[in-house]
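The sequence shown maps to residues 56 to 473 in this note's numbering.
Ideal Cβ positions, reconstructed from N, Cα and C, are used throughout, including at glycine.
Everything below concerns the one structure shown next.
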Amino acid sequence: MAVFNSLRRRASREGLAVYLVGGPVRDAVLDFPVANDLDFVLIGDAPALAADLAEELGGEVTVHTRFGTATVQIEGGRVDIVTARKEVYPFPGSLPQVSAGTLEDDLARRDFSINSMALPLSGDSPEVIDPHGGLQDLERRSVTTLHPGSFTDDPTRMLRAVRYEQRLGFQIGETALSEMKQTLAGGHAGAVSGDRWRQEFQKIFVEDRAAEMLLRAIELGALAAVHPALTDGQGLTKLAGETGLAPSDYLAALVVSLSAADGDGISRRLNLPADWARVVRDTMALKESESEISGPSVMTSKVCSVLDGLDPDAIAASARISQDPLVAERLHRYLDEWRLVSPDLNGDDLLSMGVPPGSKIGEVLRELNSAKLDGLVGNEDEERALVHQIISRGSWSPGDGGLLNGGTDGRPREPGNT
Ligand code: CTP
C-alpha cells in the first residue's frame, strides 16, 4: 500500500503516467488476494522512479538496463517498474528486441489477455484499461493469447498458459490450443534456453496445483517439446490433489520413470543446479533399487544400506511417489528414525576392547549399527558381546556369513524392531 499510495501521489501531483499492470490487475478484478509482487508500467524513466521510491520508502533497487526495468525490494515485497516498451522477436524463442513505446505497445507485447490490462494511478476513480478483452476473458474463464504468434515468439508461454489455467480454474481457449499445436509442430521450443524453461518450471513447482499443471503440460505435449522423455505422468498423478509439497517432489515425480541417461539429459537441458541434478539422479537410483527394499521380510539394515548416501529430498519425494505402501513407509522411517541410529559404543570403546586401529574400527562400528537397526543388539552390553564375537571370529568384513545373518541367539528378528 505504501508503494501504491506514493505512486498515486506522484501521478496526481507530478502528472506521472504510471499504471498497475499484469497479475495484480487480474487478481484484483477476480477479487483474489493481490500478491506482494506489484508490476507497474511507466511512460518515462523507470530506473529513476525506482530510485526515488527506494529513497522515500527505504528499499533496494536493481536496474536491468537492457530492458529499461527496475526492481525495488521493499519490506518483504517486490515492485517491478518497467518503462513502457515495444518488443520484437527476431526469431522464435529468442529474447525480444526492446524499444521505447506507449502503454498500448506495452500491453500488446504480453502473453494473455487476462494479463494485459492496466489500471492508471492518476484520477479519482480510475477505470481498467483493457484493449485485448481481458475482462471478458476473465468472465469467460479463458486463457487467450493476444495474437497467433504468441507461443512461437515465446514458447515458455505454453507453460504459463497451463499455470494460469490450472491455478484459476480456467480453460485454455480453442484458438490458443491450436496456436500451441503449431508452435509444437514447428519445433520452436528447442530454441529456448534451459535457464528460461527452468524458471517456468520453478514457478510451477511453487504452485498448489503444480502436479495438475505438469500433467496438463504433458497432455498437451509441451513438456515433450522441452525434452522428449517428459511424457509420463505416473509419478505426478500420485501428487495430484496434495498441497504444501516441495519443488523437489515435483521434479522427482517428473523423472521417476525415466532411464538414467534421460534423467541426465533433462538435468543438462534445464541446466539444473547441482542440488536439483542430485535429486534427479538419486530419485532414479532409488527407483532402480526399489525391489531390494520391497516385500515383507527386508532387514532394516538392508534398507539403510540402499538409502545411505542418497539425497534426503529425493528419498522424501520417492516416499510420496512410490506405488508400494510398504516401500513408502520404509522410506519415511529411514528419514525419521533409522538414519539417526548409531551404536552406543564408539571408536575409543572398540580400541580399548582390542579392535585394531584403522579401517577395522569403521567396519565394526558399521556392523554394530546394522545389528542395532535389525534389533540384534538392544543395549551396550549386547553390543560389547557382539564386538567380542567379531574379534573371536577374526574376520573383519561384514556380510561374510558372520553375525549380520543371525542374532546373538542366532535368530534374525523383525525388520525395524529396534
Ligand atoms: N509476461 C509475458 N510473457 C512472459 C512472461 C511475462 O507476457 N513470458 C508478462 C505478463 O503480462 C505477466 C507480466 O509479464 O503478467 C509479469 O510477468 P511475471 O512477473 O513473470 O508474472 P508471474 O509472476 O509469472 O505471474 P503471476 O504474477 O501473474 O502469477
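- Counted within 10 angstroms of its Cβ, other Cβ atoms place Lys342 as buried (16 or more) or exposed: Locating residue 342 in the sequence shown gives position 287, where the first residue counts as 1. Lys342 should be labelled buried.
- Whole beta strand (DSSP E) elements within the stretch 105-146, 3-residue minimum: 115-119, 124-129, 132-138 and 140-143
- Task: Would you kindly work out how many angstroms separate the C-alpha atoms of Ile445 and Leu270, rounded to a whole number?
- Result: The count along the sequence shown starts at 1 and reaches residue 445 at position 390. The count along the sequence shown starts at 1 and reaches residue 270 at position 215. When rounded, the distance between both Cα atoms is 54 angstroms.
- Would you call Glu255 buried or exposed, if buried means 16 or more other Cβ atoms sit within 10 Å of its Cβ? Here residue 255 refers to the residue found at position 200 when the sequence shown is read from its first residue. Burial call: buried.
- Tell me Thr211's beta-bridge partners as DSSP assigns them. Position 156 of the sequence shown, counted from the first residue, corresponds to residue 211. According to DSSP, which records beta bridges pairwise, Thr211 is partnered with nothing at all.
- Grouping DSSP H, G and I as helix and E and B as strand, with all else coil, what is Ile227? Against the sequence shown, residue 227 aligns to sequence position 172. If DSSP states are grouped into helix, strand and coil, Ile227 belongs with the strands.
- Mind reading off the beta-carbon distance from Val310 to Met339? Whole number of angstroms is fine, and I expect it under 8 angstroms. Taking the sequence shown and counting its residues from 1, the one referred to as residue 310 is at position 255. Taking the sequence shown and counting its residues from 1, the one referred to as residue 339 is at position 284. Yes, Val310 and Met339 are in contact; Cβ-Cβ is about 6 angstroms, under 8 angstroms.
- Task: With DSSP as the reference, label Ser349 as helix, strand or coil.
- Result: Here residue 349 is taken as the residue at index 294 of the sequence shown, counted from 1. The answer is coil: DSSP assigns Ser349 none of H, G, I, E or B.
- Task: Let me know the secondary structure DSSP gives Pro175 once reduced to three states.
- Result: Numbered from 1 along the sequence shown, position 120 holds the residue referred to as residue 175. Of the three classes helix, strand and coil, the one that applies to Pro175 here is strand, per DSSP.
- Among Thr138, Phe167, Phe146 and Leu162, nearest to Ser154 - alpha-carbon criterion: Position 99 of the sequence shown, counted from the start, is the residue given in the question as residue 154. Residue Thr138 is the option with its Cα nearest to Ser154.
- Nearest to Val118 by alpha carbon, out of Ile129, Leu112, Ala106 and Glu110? Indexing the sequence shown from 1 puts residue 118 at position 63. Considering only alpha carbons, the answer is Ala106.
- Please name the residue, chosen from Lys357, Cys359, Leu386 and Val361, that lies closest to Ile370 on a Cα-to-Cα basis. As a working note, residue 370 is residue 315 in the sequence shown. Among Lys357, Cys359, Leu386 and Val361, the Cα nearest to that of Ile370 belongs to Leu386.
- Nearest residue (CA-CA) to Leu239, options Glu220, Thr230, Glu262 and Thr207: The residue given as residue 239 occupies position 184 in the sequence shown. Cα-wise, what sits closest to Leu239 is Thr207.
- Item | DSSP bridge partner residues for Val358 (one or two, in chain order) | Residue mapping note: residue 358 aligns to position 303 of the sequence shown, counting from 1. BP columns for Val358 are empty, so no partner.
- Query: Is the number of C-beta pairs between the stretch 141-157 and the stretch 178-196 that are closer than 8 angstroms three or more?
  - Reply: no
- Query: Under 7 angstroms between the Cβ atoms of Leu420 and Val432?
  - Reply: Counted from its first residue, the sequence shown places residue 420 at position 365. Counted from its first residue, the sequence shown places residue 432 at position 377. No, they are not a contact pair.
- Query: Where does the unbroken alpha helix (DSSP H) through Ala279 begin, and where does it stop?
  - Reply: In the sequence shown, residue 279 corresponds to position 224, counting from 1. Unbroken alpha helix (DSSP H) run through Ala279: Ala277 to Val281.
- Query: Can we say the stretch 396-410 touches the stretch 322-333, given the rule of at least three CB pairs closer than 8 angstroms?
  - Reply: no
- Short check: CB of Val76 to CB of Asp100, under 7 angstroms? Taking the first residue of the sequence shown as 1, we reach residue 76 at position 21. Taking the first residue of the sequence shown as 1, we reach residue 100 at position 45. No, the pair does not count as a contact, with Cβ atoms beyond the cut-off.
- Which term fits Gln237, buried or exposed, when burial requires 16 or more other beta carbons within 10 angstroms of its beta carbon? Looking up residue 237 in the sequence shown gives position 182. Per the 10 Å Cβ criterion, exposed.
- Which partner residues of Gln237 appear in the DSSP bridge assignment? Within the sequence shown, numbered from 1, the residue matching residue 237 stands at position 182. BP columns for Gln237 are empty, so no partner.
- Query: Which residues bound the beta strand (DSSP E) around Phe95?
  - Reply: Within the sequence shown, numbered from 1, the residue matching residue 95 stands at position 40. Its beta strand (DSSP E) spans residues Asp92 to Leu97.
- Message: Taking the alpha-carbon of Val143 as reference, which of Arg165, Leu97 and Met354 has the nearest alpha-carbon?
- Response: Taking the first residue of the sequence shown as position 1, residue 143 is located at position 88. Residue Arg165 is the option with its Cα nearest to Val143.
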